[in-house]
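Data block below; observations after.
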Amino acid sequence: MRVNSQTRAFRRLRWRQTRNHVRSLWREHPLRLATPVATTSVLALMVFGLSLAGFHELGRHQAPFSDSLIAGLFEVLFSALGGMLLLSTGIILYAGLFTSPEARFLLTSPASAARIFVSKFQAAAAFSSFGFVVLGFPILVAYGLVARVSAWYLVLLPAFLTGFALLPAALSSIACLLLMSLRPRHRRSFLIVLGTVLLAVIGFWLHRVGVSTRHAITVAHPDALRALAGHFTLASHPLLPGRWMTDGLLAAARGEIVPAARALALLWGTGLVACAAAIALSTRLYRTAYDRASDGRRRKHRISGHWIDRAMAGLVGYLDTPTRLLVVKDFRSFRRDPSQWGLLVVFALMLALGAANFRSFTTRTPQGVDLSVIGLANLAGTAVLLCAGLSRFVFPLISLEGRRFWILGLMPIGRRQILAGTFAFAATCSTLAGLAIVVGSECLLGLPPLAILIHALTITSLALGLSGLNVGLGACLAQFRETDPSRIVVGPGGTINMVIGLLFLTVTLTLMAGPLHAATVLRHWQHSPATPPPLWIFAGLPLGITLSGLAVLLPLRLGRKALEQAEF
Amino acid sequence: MIRLENVSKRYGDTLAVDGLSLHVPPGELFACLGPNGAGKTTTIKMLCGLLKPSVGRVSVGGFDLQTQGDRARQLISYVPDQPFIYDKLTGREFLEFIAGLYGMEPVHAARRMDEVIAIFHLGEFVDDLTERYSHGMRQRTVFASALLHEPKLLIADEPTVGLDPKSIRELKRLLRQLADGGTTVFLSTHTLDIAQELADRIGIIDRGRLIGCGTLDELRSAAAHDGSLEEVFLRLTETDPCA
Numbered sequence: 035m036r037v038n039s040q041t042r043a044f045r046r047l048r049w050r051q052t053r054n055h056v057r058s059l060w061r062e063h064p065l066r067l068a069t070p071v072a073t074t075s076v077l078a079l080m081v082f083g084l085s086l087a088g089f090h091e092l093g094r095h096q097a098p099f100s101d102s103l104i105a106g107l108f109e110v111l112f113s114a115l116g117g118m119l120l121l122s123t124g125i126i127l128y129a130g131l132f133t134s135p136e137a138r139f140l141l142t143s144p145a146s147a148a149r150i151f152v153s154k155f156q157a158a159a160a161f162s163s164f165g166f167v168v169l170g171f172p173i174l175v176a177y178g179l180v181a182r183v184s185a186w187y188l189v190l191l192p193a194f195l196t197g198f199a200l201l202p203a204a205l206s207s208i209a210c211l212l213l214m215s216l217r218p219r220h221r222r223s224f225l226i227v228l229g230t231v232l233l234a235v236i237g238f239w240l241h242r243v244g245v246s247t248r249h250a251i252t253v254a255h256p257d258a259l260r261a262l263a264g265h266f267t268l269a270s271h272p273l274l275p276g277r278w279m280t281d282g283l284l285a286a287a288r289g290e291i292v293p294a295a296r297a298l299a300l301l302w303g304t305g306l307v308a309c310a311a312a313i314a315l316s317t318r319l320y321r322t323a324y325d326r327a328s329d330g331r332r333r334k335h336r337i338s339g340h341w342i343d344r345a346m347a348g349l350v351g352y353l354d355t356p357t358r359l360l361v362v363k364d365f366r367s368f369r370r371d372p373s374q375w376g377l378l379v380v381f382a383l384m385l386a387l388g389a390a391n392f393r394s395f396t397t398r399t400p401q402g403v404d405l406s407v408i409g410l411a412n413l414a415g416t417a418v419l420l421c422a423g424l425s426r427f428v429f430p431l432i433s434l435e436g437r438r439f440w441i442l443g444l445m446p447i448g449r450r451q452i453l454a455g456t457f458a459f460a461a462t463c464s465t466l467a468g469l470a471i472v473v474g475s476e477c478l479l480g481l482p483p484l485a486i487l488i489h490a491l492t493i494t495s496l497a498l499g500l501s502g503l504n505v506g507l508g509a510c511l512a513q514f515r516e517t518d519p520s521r522i523v524v525g526p527g528g529t530i531n532m533v534i535g536l537l538f539l540t541v542t543l544t545l546m547a548g549p550l551h552a553a554t555v556l557r558h559w560q561h562s563p564a565t566p567p568p569l570w571i572f573a574g575l576p577l578g579i580t581l582s583g584l585a586v587l588l589p590l591r592l593g594r595k596a597l598e599q600a601e602f
Numbered sequence: 686m687i688r689l690e691n692v693s694k695r696y697g698d699t700l701a702v703d704g705l706s707l708h709v710p711p712g713e714l715f716a717c718l719g720p721n722g723a724g725k726t727t728t729i730k731m732l733c734g735l736l737k738p739s740v741g742r743v744s745v746g747g748f749d750l751q752t753q754g755d756r757a758r759q760l761i762s763y764v765p766d767q768p769f770i771y772d773k774l775t776g777r778e779f780l781e782f783i784a785g786l787y788g789m790e791p792v793h794a795a796r797r798m799d800e801v802i803a804i805f806h807l808g809e810f811v812d813d814l815t816e817r818y819s820h821g822m823r824q825r826t827v828f829a830s831a832l833l834h835e836p837k838l839l840i841a842d843e844p845t846v847g848l849d850p851k852s853i854r855e856l857k858r859l860l861r862q863l864a865d866g867g868t869t870v871f872l873s874t875h876t877l878d879i880a881q882e883l884a885d886r887i888g889i890i891d892r893g894r895l896i897g898c899g900t901l902d903e904l905r906s907a908a909a910h911d912g913s914l915e916e917v918f919l920r921l922t923e924t925d926p927c928a
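Chains A and B, in that order, are what the protein sequence lines are. Taking our numbering, the leading residue of the first sequence gets 35, the next gets one more, and so forth. Taking our numbering, the leading residue of the second sequence gets 686, the next gets one more, and so forth.
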């Protein structure tokens, strides 16, 4: 009786929260409601358009759609998405179960551990699989349209996608519960060893993929391509859900309903069994795990000054003392939050991987247009990573001051200085990182000094402009009630910031670096690569620098006004 | 109602609660005092079943918190020092959620909701979203939700923080009424006046140990000092236990 009452109470709670949230947004901030819907639709349409073009291209080259090529693509796609679901659900569920005030409140009520777990699990699975559906659905629909598949494929597609999301979510929740309840006494050492082993395994695999890729490109022989494909055979293992998903979808595409239904039943059956196992486990382990998590939080740690903080203070030594102290405070808060620097590690790994890939091209010594394209791709890739990094780490900084903002608000420093400090922190870190990556990798690639100089100027302008945008818009669109940085980033304000940042990036890249590469292509077409570059390649530089200046000044001015009007 | 038997709680190398034994009978208003970091909140969290004792046994209403936690929590209401409330619910919707959580019959729940809304004067704002509430309004709503299901044990951690003088006076009268009506009240506070005015017995915790427990007169005897509770408290807590 009480269990049914609790189930109803939780169901009603979620429904009312959603309804009230949408209503208050609709009444007070209709733009905030429309923005995520619009950006999600635009993103889905872009993915759909790109996939449609890609599959058309494959069709133009008479690639057989039901053959092993598509199966291989799907298996790798689903394995990658499954891995991402596994990680993201685990991280969201950990925060929901062990660090949220709601979990602490519910655990002191008569709500059963399983009931609380189910509530948090549903929220985490829905949140993390949202991106998977938005990205996966358009790709698979595009394939269906181009390959002219059976109608069963489109009918069963939603059931396949939701079924596929179940298993990784359930597995990651089981891992989360086991890790928190059975973790060894020396947690830090255990996590360091676990992380090192995982990184070593992934690094070794990436190294082997890199070697095989280089070999395949160099010799261009079927054996080399087969060796490269061999590194991905795990993705097609018959025990993996990516394989069941692929088999089922391709069977549905051919109109073979029985094997498709069998694969669908296998996906849902395994997923539901894993969910049931996770719920059963939560009944036994959740309260113990929460107790142990509290144990870790309450241990005494003696924290003293760190050389990294002193290095950061040295980097912004050009600022006055109060602003420098604000920068070091932001940096210190950042480096002590594992959920923040954990993502930074992922960013760093991506950058290292990119740099290693570019490094591998040096064995082939690309020249002319090839070199120009690689250099532009390097610059654009670094710029996109900077944009993503600043949106993730800098945009939420002002919001994260939250209800503690009165401390800064009452300090004998102007709010202009608070913004200036955050901007200095973002601009210093992003400019140094961007310059190091671009100049370092392009020296390895052997780009001409003029190209390196223009790229360095471009990445500096981008780093400064993006820092200004993220700090200024972060203050204008601050969400002081939100404590989770990832929710601030994916919220309406974060989405607007990301879209504006990408637009700024595209225009600045086109203005500053575009003419140089256009001139290289023109000279290649005119068969005169040795002639000196024309003067018009510098024409976009002042425009780009001006745009960058505006991207710093205007958002910071708007942010300062918003911050000065804010009451705490 | 509350029984702690030789309870210790360890966080790594830190002993937060050290061999605590305590019995609080039904209908008693027990005030727990102690300096910051003495182990009061850890004790309360073990009483609610949020934390498990490293050693010892905690039971509420005869139910062991570790083996019959859900049944024990059915008897308890906990008002923490930083109460949680869903921002996107109205006060009334929050009360309805609590009623569902405790499995209250709809008719009984509706009657009790009207009662607690009247007791805590929530009528003016109970249908607004709680995100717009002031600290005092939130605190009153949380108290209303805590008393909705007529708990056998009310645990309150610093309940008067953020309340205006009138609300504090009403809260004090209510806590006394609850205890007189048979509800056990376990109060953790730094406001010694409240403890002196309301409590049937007072427990003083310092460095995880119960260094004094009894009526004010019994504490005076233990401290060998015939002064106010403040003086007795300072004398007991400033004595080095290792000396």
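Yeah, the Cβ is synthetic: ideal placement off N, Cα and C, and Gly gets one too.
Let me check one thing: in DSSP terms, what residues is residue i bridge-paired to?
{"i": "B:Tyr696", "result": "B:Thr699"}
{"i": "B:His708", "result": "B:Arg688"}
{"i": "B:Cys717", "result": "B:Ser873 and B:Gly888"}
{"i": "B:Ile840", "result": "B:Tyr763 and B:Phe871"}
{"i": "B:Val743", "result": "B:Leu689"}
{"i": "B:Gly899", "result": "B:Ile887"}
Less than 8 angstroms between CB atoms is the rule here; does residue i satisfy it with respect to chain D?
{"i": "A:Ala43", "result": "The structure shown contains no chain D; its protein chains are A and B."}
Taking 8 angstroms as the CB-CB cut-off, is residue i touching chain A?
{"i": "B:Glu778", "result": "yes"}
{"i": "B:Asp703", "result": "no"}
{"i": "B:Phe810", "result": "no"}
{"i": "B:Tyr787", "result": "yes"}
{"i": "B:Asp865", "result": "no"}
{"i": "B:Gly722", "result": "no"}
{"i": "B:Lys725", "result": "no"}
{"i": "B:Arg892", "result": "no"}
{"i": "B:Asp755", "result": "yes"}
{"i": "B:Gly888", "result": "no"}
{"i": "B:Cys733", "result": "yes"}
{"i": "B:Tyr696", "result": "yes"}
{"i": "B:Gln824", "result": "no"}
Using a Cβ cut-off of 8 angstroms (strictly closer), state whether residue i contacts chain B.
{"i": "A:Arg318", "result": "no"}
{"i": "A:Arg515", "result": "yes"}
{"i": "A:Asp364", "result": "no"}
{"i": "A:Ser39", "result": "yes"}
{"i": "A:Asp325", "result": "yes"}
{"i": "A:Pro272", "result": "no"}
{"i": "A:Asp329", "result": "yes"}
{"i": "A:Pro526", "result": "no"}
{"i": "A:Pro293", "result": "no"}
{"i": "A:Pro135", "result": "yes"}
Could you give the distance in angstroms between the alpha-carbon of residue i and the alpha-carbon of residue j?
{"i": "B:Asp749", "j": "B:Gly712", "result": "20 angstroms"}
{"i": "B:His820", "j": "A:Gly117", "result": "43 angstroms"}
{"i": "B:Ala794", "j": "B:Tyr787", "result": "10 angstroms"}
{"i": "A:Arg50", "j": "A:Ile226", "result": "42 angstroms"}
{"i": "B:Asp865", "j": "B:Leu859", "result": "10 angstroms"}
{"i": "A:Trp570", "j": "A:Asn504", "result": "32 angstroms"}
{"i": "A:Ser582", "j": "A:Leu588", "result": "10 angstroms"}
{"i": "A:Thr544", "j": "A:Leu413", "result": "11 angstroms"}
{"i": "A:Glu62", "j": "A:Ile432", "result": "22 angstroms"}
{"i": "A:Leu511", "j": "A:Leu536", "result": "17 angstroms"}
If the cut-off is 7 angstroms on Cβ atoms, which residues from the stretch 47 to 71 of chain A count as contacting chain B, listed in chain order? Leu47, Arg50, Gln51, Asn54, His55 and Ser58
Using a Cβ-Cβ cut-off of less than 9 angstroms, give me the residues of the stretch 763 to 774 of chain B that come near chain A, in sequence order. Tyr763, Pro765, Gln767, Pro768, Phe769, Ile770, Tyr771, Asp772, Lys773 and Leu774
Between the stretch 836 to 843 of chain B and the stretch 757 to 772 of chain B, do at least 3 Cβ pairs fall closer than 8 angstroms? yes
How about the stretch 693 to 713 of chain B and the stretch 731 to 742 of chain B: do they share at least three Cβ pairs that are nearer than 8 angstroms? They touch, by the three-pair rule.
Counting only Cβ-Cβ distances shorter than 7 angstroms, please list the residues of the stretch 828 to 858 of chain B near chain A, keeping chain order. none
Which residues, in chain order, does the stretch 139 to 162 of chain A contribute to contact with chain B at a C-beta distance below 7 angstroms? Phe139, Leu141, Thr142, Ser143, Pro144, Ala145 and Ser146
Under 8 angstroms, with one C-beta from each stretch per pair, do the stretch 543 to 554 of chain A and the stretch 466 to 480 of chain A reach the 3-pair mark? The stretch 543 to 554 of chain A, when compared against the stretch 466 to 480 of chain A, does not touch it at the 8 angstroms Cβ threshold.
Does the count of Cβ pairs from the stretch 416 to 434 of chain A and the stretch 524 to 531 of chain A closer than 8 angstroms reach three? The stretch 416 to 434 of chain A vs the stretch 524 to 531 of chain A: in contact.
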